[in-house]
Amino acid sequence: MSLHLRVSKGAVYIPEHSSQSSHRSLSRGHNAAIILLKVTAALPVDPPNWCWSLPAVVDPDPLPGLELPLPLRALLRRRGFRSVEEAKQFLIPTSLPEAELHFPDLKKATNRLVEACQNNEAVAICGDYDADGMTSTALLLRALGPLGAAPRAAIPSRMEEGYGLNPSMVDRQHRDGVKILVTVDNGVAASAALRRAADLGMEVIVTDHHTIPDKPAPMTALIHPATTPDGSPYRGLAGVGLAYVLARAVAEQLNQPEAICSARDLFCVGTVADMAPLIGANRAWLLEGLNQLHRTECFGLQALQRLAGLGEHPLTADDIGFQLAPRINAVGRLGEPRLVVELLTAEEPTTAMALARRCDDFNRQRRDLCDAIEAEAVALVEAESSDQLPSFLLLAQSHWHHGVIGIVAARLVERYHRPAALLAGDGEGLMRASVRSPRGFAVDQALNHCATLLERFGGHPAAGGFTVRAENVHALHELLCDQADSWLKQQGQGLPIQPDALLRLDEVNWDLWKSLQSLAPFGIGHEVPLFWSRDCTVEERRDLKGGHLALRLRQAKTERRAIAWRWDPASHVPDQCDVAYRISVNRWQGEQRLQLEIKAIRMHSDSVMLQRGRRNYVAKQISSSTFTLTNSDGQSLQAAIDDKLSLVSNDELAKDSRVSQLLEEAVLGLGLRP
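Structural data, given as structure tokens:
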């Protein structure tokens, strides 16, 4: 059996079964360049239906001189690092440029807050109810108080007021005598509230990373990543990163940097929780902060770490993302966000632990709600889509909880690889929705296209939300499906799998793990590497409680243990297979062991079919380093990989650049090079 590979300009899908067409010879008539390469095995199961994509071709010895194993150097080259200097700057960032040189309004904002600190002025910190907004609020409260101001928190209720700064909040602060507001993680689009503040003579410093309106309302100063120069390391900052920039600037101008000793700790938590891109300033500050976060002086973070059982060792981004952030986010989703602000500003360990336990309770409730709603949603999808899934999943139940439908929508995206919207009742015939999407489908553009059917909407490419009248839901679904159809035709029906580099199982060892950690922290913009290994034998299979799958894999003389989370027990696992996986550490009863976290499995074959347009070619491995490439007319040429992993062939045809490119793709498809 051959694995099918398709090369097509702009397409991101592979049909399960590809027809053999008539073709011209290898050396003539090849006008289309290889843009994208997809691999899929005709596995006898559906689901899962994976669509494998080979990594890009790189030099046999990429980034020479960088002290990393070859697969990791190939990975960095594929992620866009063109030189050793670029890669080193990423791995060990040098000092950042002065923030005032990149944020035009930072000096103005800093001067106003310095004045507030010197005069003990009341300052309202207007936050949001997610982890980014709540950590941003706590950061400025903890910073401005010791610096001399009188800060107070002003966070809207998710259920009663909705997102962001609103006129009622402005009026309340004005009645209390507050003259200056600082928004964090919101405010740039709060036109009505900003105009109300201006009418009342209040000053507003906006720190936000959401889209700036075409005609922004008046404000005293705007601290926003979009105002920085192109290529600025500050471009990826979330709300908490902008709050950190502002707090540092005020503390430095007052010559009191020690006053914001916990600010970087809160920056780390909020940045990872908000899934901000872990590049530029985010990466530089995280690298500094993660090594110290377990020693934080913030009693609230200490309590959360103890409840999560994180111990006395440096934290990772995963520790924040999977242990701390959910406990913080759950409160904003189900409860009162002030609880988190109180936790993160608590001045006594006993008070902090009591508040942390309440956060933990909310997190358990959140998990139970998500599991129940997910079960309902999956049942609805399966009941309504027995033949074919709609290209856009839209599900509505009036009793679903607004605070968690976004989490469930993200789970549906992962399960079905389609954009998904979950709608819950909002009273008076309205439905409120959370939308999530796979990479490549732009939620904000889709919602903008449906604007005439929506009461309110907003978002960014990966996620968004809207409110719609119940009678318009059906028409909205049809319109969203129309938009998703064209995207789905391009990317294909399968779940996309795109490994970063090939590994042998004997290369998965503690030395590789140590090198891999030098690339951390991982997150949005710098994802956890996905590796693949070919020709593995399944020595043992065990179905675990909770729907997980444990495997013992062997390749030559090396065995490695693997686990696949949330695996369908009815899915077939070939005895001889290729696997795509991430590498993790399994800690159990004091022991540590490397394990493979399986993301996809396909049947192994010693040949692959390359498709360029309507022309097919079969690459077949005939030894550990030699292979043949044959076109549909039966013409073949032979090539090999030498000791330096360079492609060599005695056939004159291989000198043709287009044929050479095809051979290079065959090398990757056959696993002859990382």
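For the sequence shown, position 148 matches number 175 in our numbering, and the numbering has no gaps at all.
We put the CB at the ideal spot given by N, CA and C, even for glycine.
Pick from the options: whose alpha carbon is nearest that of residue i?
i	options	result
R587	V606, L571, K572 and H599	V606
R360	G433, V675, M630 and G574	G433
P601	Y608, C144 and L580	L580
Q350	A666, L334 and Q688	L334
V215	R179, G154, L515 and R496	G154
I628	S687, N147, E142 and R561	R561
A666	A646, P417 and T234	A646
H129	G698, E679 and L249	L249
S634	G661, A693, P260 and R262	A693
R393	V431, L370 and S418	V431
V267	H631, R291, T254 and T247	R291
R262	N282, G92, L123 and A583	L123
L95	L539, A149 and G661	L539
Looking only at DSSP bridge pairs, what is residue i linked to?
i	result
A447	L420 and R463
H251	Bridge partners of H251: none, in fact.
C397	Paired residue(s): none; C397 is not in a bridge.
P178	V150
G452	M458
G485	G492
C78	P523
V84	In the DSSP output, where bridge partners are listed per residue, V84 has none listed.
N658	Y644
A1	No information on residue 1 is available, as it lies outside the stretch 28 to 701 that the chain covers here.
Between the alpha carbons of residue i and residue j, how many angstroms are there, rounded?
i	j	result
H237	D257	17 Å
A276	D301	23 Å
D212	G486	13 Å
S663	C508	45 Å
L70	S542	Here the model assigns L70 a pLDDT of 28, short of 50, so the residue's position is not dependable, and the following value carries that caveat. Between L70 and S542, the C-alpha separation is close to 34 Å.
T343	L317	6 Å
A511	L273	41 Å
D453	R459	6 Å
W79	R222	52 Å
R199	L208	12 Å
E455	Y608	48 Å
L697	V408	37 Å
R384	G550	28 Å
H50	A577	Residue confidence is low: H50 scores 33 on pLDDT, short of 50, so the model does not pin down where it sits. Its coordinate-derived value is still stated next. Near 44 Å, if we compare the C-alpha coordinates of A577 and H50.
H321	P376	15 Å
W592	K626	8 Å
K671	R169	56 Å
E127	L171	19 Å
P260	V535	33 Å
A528	T121	28 Å
I524	W77	7 Å
D159	A436	20 Å
A547	E554	9 Å
L371	H444	37 Å
F326	S418	47 Å
Return the first residue and the last residue of the alpha helix (DSSP H) that residue i is part of.
i	result
I355	A352 to L361
N705	Nothing can be reported for residue 705, as the shown portion of the chain is limited to 28 through 701.
Y190	Element bounds for Y190: n/a, residue is neither H nor E.
A497	No alpha helix (DSSP H) holds A497; DSSP gives it neither H nor E.
Q688	S684 to G696
V267	G266 to Q280
A290	A290 to A300
T164	A158 to L171
L317	G307 to L317
V367	R365 to L371
T210	From DSSP, T210 is part of no alpha helix (DSSP H) but of the beta strand (DSSP E) over I207 to V211.
Starting from residue i, trace the beta strand (DSSP E) in both directions and tell me its first and last residue.
i	result
Q638	S634 to R639
K626	E618 to M630
H605	According to the sequence shown, residue 605 is Asp rather than His. Element bounds for D605: Q603 to W615.
C563	F558 to L571
A667	S663 to I668
L580	H575 to Q582
V231	E230 to T234
R588	T585 to A591
Mind reading off the beta-carbon distance from residue i to residue j? Whole number of angstroms is fine, and I expect it under 8 Å.
i	j	result
I182	P364	5 Å
C748	L366	Lying before the first or after the last residue shown, residue 748 is absent from the chain, which here runs from 28 to 701.
C477	L506	5 Å
P98	L530	6 Å
P82	R105	5 Å
L457	E441	No, L457 and E441 are not in contact; Cβ-Cβ is about 28 Å, not under 8 Å.
Does residue i come within less than 9 Å of chain C when only Cβ atoms are used?
i	result
V555	Absent here is chain C; the protein component of the structure consists of one chain.
With a threshold of 8 Å (Cβ to nearest heavy atom), would residue i be considered close to the ligand ATP?
i	result
L457	Only the bare structure without any ligand can be found here, which leaves the ligand ATP out of the picture.
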